[in-house]
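Participant: One structure is given below, represented as structure tokens, and several questions about it will come after.
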Amino acid sequence: MLTACGKTQNQATTQTDNQAAGSKNLLKQIKADRKIKIGTEGTYAPFSYHDASGKLTGFDIEIAEEVANRLGVKPEFIETPWDGIFAGLDSKRFDIIVNQVGIRPDRQEKYDFSESYIVSKPFLIVHKDNETIKSFADLKGKKAAQTLTSNFKDIALSNGAEIVGVEGFNQSVDLILSKRADATVNDGLSYLDFKKQKPDAPIKAVAELDEPAQMGIMLRKGNKELVEAINKALSDMKKDGTYLSISQKYFETDVSK
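Going by my numbering, the sequence shown opens with residue 809, and the numbers climb by one from there.
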């Protein structure tokens, strides 16, 4: 028993040491490879999506590209559905996630985050003909179309909604339009962009939460050097006006605060 426990402890210590060494060298490895692998959806306008020509673009994409540039490496985007994106980071398919990931205490227990680079209020969105849902409390017993690992799902669930799983914002809207779902709690900036692109779409926002969600770039735990390098890049972008330029391009305002 003592031998087995001792062996397990030694193995755990060795594993921890190896993980720490691997984490410590991640920034060096990225620089040696001259590229940083970035997980993103590619289907989440205006943050990460394909334009009419098929090019991957969006607010998050341009932020990620600028961060990579300031690290002196090339960005390599790996498109992944939201509900599989954390697993992709865990399995080291990519080095970071840049995809509107909310900074939450439960996630901070397992992952590292950059400083917040964008804030957004959750909106409650319904079909324009819906007159029964006017507040978050009205979600009780109603079907809410949500990605299963998102902040927004938790908000809907806490208000008594029945969750209908989707892959992203556009699918949530499709279910509302076809009336297979009653509502979605979703990113306010995404909703405003959607209405700008499709002003006649029969959906409406009926409520919003006063406290905005803060989003950060997410990394595997223990990558202190890379976190610091990313934070410096984000800080420098804000100081020299690059961040504001990107923000105004997509939102006509500063979305960092």
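For each residue, glycine too, the CB sits at the ideal point set by N, CA and C.
#1: Taking the beta strand (DSSP E) that SER928 belongs to, which residues open and close that run?
#2: Given VAL927, which residues of its chain have a CB within under 6 Å of its CB, disregarding the five upstream and five downstream residues?
#3: Return the residue from the list GLU884, ASP1044 and ASP990 that minimises the CA-CA distance to ILE941.
#4: Ignoring anything shorter than 3 residues or poking outside the region 886-971, list the beta strand (DSSP E) runs there in chain order.
#5: Taking only the alpha-carbon atoms, compute the straight-line gap between SER1043 and ALA945 and give it to the nearest angstrom.
#6: Which runs of the alpha helix (DSSP H) at least 4 residues long sit entirely within the region 1002-1051? Give them in chain order.
#7: Going by CA-CA distance only, name the one from LEU956, ASP962 and ASN967 that's closest to GLN979.
#8: Please classify ALA860: does DSSP put it in a helix, a strand, or coil?
#9: Starting from GLY847, follow its DSSP beta bridges and name the residues at the other end.
#10: Does the pairing of the region 880-890 with the region 831-850 give three or more beta-carbon distances under 8 Å?
#11: Kindly indicate which residue of PHE1059, THR992, SER1064 and ARG1028 has the alpha-carbon position closest to the one of ILE893.
Facilitator: To lay it out plainly:
#1: In the sequence shown, residue 928 corresponds to position 120, counting from 1. Run containing SER928: 926-928, per the beta strand (DSSP E) assignment.
#2: The residue labelled residue 927 in the question sits at position 119 within the sequence shown. For VAL927, where only same-chain residues beyond five positions count, the Cβ hits under 6 Å are PRO1020 and GLN1022.
#3: Position 133 of the sequence shown, counted from the start, is the residue given in the question as residue 941. With distances taken between Cα atoms, ILE941 lies closest to ASP990.
#4: Counting only runs that start and end inside the region 886-971, the beta strand (DSSP E) elements of at least 3 residues fall at 904-910, 919-921, 926-928, 930-935 and 951-954.
#5: By one-based count along the sequence shown, residue 1043 stands at place 235. By one-based count along the sequence shown, residue 945 stands at place 137. Distance between the alpha carbons of SER1043 and ALA945 is about 38 Å.
#6: Counting only runs of 4 or more, we get 1032-1048.
#7: Looking up residue 979 in the sequence shown gives position 171. The residue among LEU956, ASP962 and ASN967 with its C-alpha nearest the C-alpha of GLN979 is LEU956.
#8: In the sequence shown, the residue the question calls residue 860 occupies position 52. Here DSSP, grouped into helix, strand and coil, assigns ALA860 to coil.
#9: To locate residue 847, count along the sequence shown from 1; it is residue 39. For GLY847, the beta-bridge partners assigned by DSSP are ILE886 and ILE905.
#10: With the cut-off at 8 Å, the region 880-890 and the region 831-850 touch.
#11: In the sequence shown, the residue the question calls residue 893 occupies position 85. The shortest C-alpha to C-alpha distance from ILE893 to any of PHE1059, THR992, SER1064 and ARG1028 is the one to ARG1028.
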